[in-house]
Amino acid sequence: MSSVAAAAPMPSFFDEIIASINCAVRAANGQWDAAIPFAQAALAARGPAQLRHATSRWWQTESLLRAGDPAGALEQFQKELAHHGKDVRALKGACAALGRLGRVSDAARVC
């Protein structure tokens, strides 16, 4: 992914963390187009045993929504809500994803 990673390869465990941080930094700076590939890389590297660092996961999922992948974003927002049921950002994101998927009745019921 980067010249640093190529020069000093790390265990794959770190792939999600590195991609997550790169996504979050770009998204926080309003560089959503630049954040999207890092969001996709983080999601591809994620395994069930990966550590949870929820703050950066929101950036990844929002990047998917902005990239035009509402189904992928909804799946990730739902996973976040399963762990943190009162996460307002995840709930709002899920509602937005449902709306973009044309599932207005589901959005109205849940949101």
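Quick note: the sequence shown uses the numbering used here, first residue 360, plus one each step. For each residue, glycine too, the CB sits at the ideal point set by N, CA and C. These figures come from a predicted structure and were not determined experimentally.
Using 8 Å for Cβ pairs, my map puts A401 next to E375. What's the rounded Cβ distance? Against the sequence shown, residue 401 aligns to sequence position 42. Against the sequence shown, residue 375 aligns to sequence position 16. Between A401 and E375, the beta carbon gap of about 5 Å places them in contact (Cβ cut-off 8 Å).
Once the 5 residues before and after V384 are set aside, which same chain residues still bring their CB inside 6 Å of it? Within the sequence shown, numbered from 1, the residue matching residue 384 stands at position 25. Within the same chain, no Cβ atom closer than 6 Å to the Cβ of V384 is found once the five residues on either side in sequence are excluded.
In terms of alpha-carbon separation, which member of L424, G389, I377, D392 lies closest to R405? In the sequence shown, the residue the question calls residue 405 occupies position 46. Relative to the Cα of R405, the nearest Cα in the group L424, G389, I377, D392 belongs to I377.
Beta carbon of W418, beta carbon of A467: below 8 Å? The count along the sequence shown starts at 1 and reaches residue 418 at position 59. The count along the sequence shown starts at 1 and reaches residue 467 at position 108. Not closer than 8 Å, so no.
So the alpha helix (DSSP H) S371 belongs to, where does it begin and stop? By 1-based counting over the sequence shown, the position of residue 371 is 12. Premise fails: S371 is in no alpha helix (DSSP H) and is neither H nor E.
So for A426, helix, strand or coil by DSSP? By one-based count along the sequence shown, residue 426 stands at place 67. The DSSP-derived three-state label of A426 is coil.
Closest by CA to G458, which one among S379, A426, A430, S422? Translated into the one-based positions of the sequence shown, residue 458 becomes position 99. Nearest C-alpha to G458: A430.
Given this structure, state the Cα-to-Cα distance separating K451 from R462, to the nearest angstrom. Locating residue 451 in the sequence shown gives position 92, where the first residue counts as 1. Locating residue 462 in the sequence shown gives position 103, where the first residue counts as 1. Approximately 14 Å between the Cα atoms of the pair.
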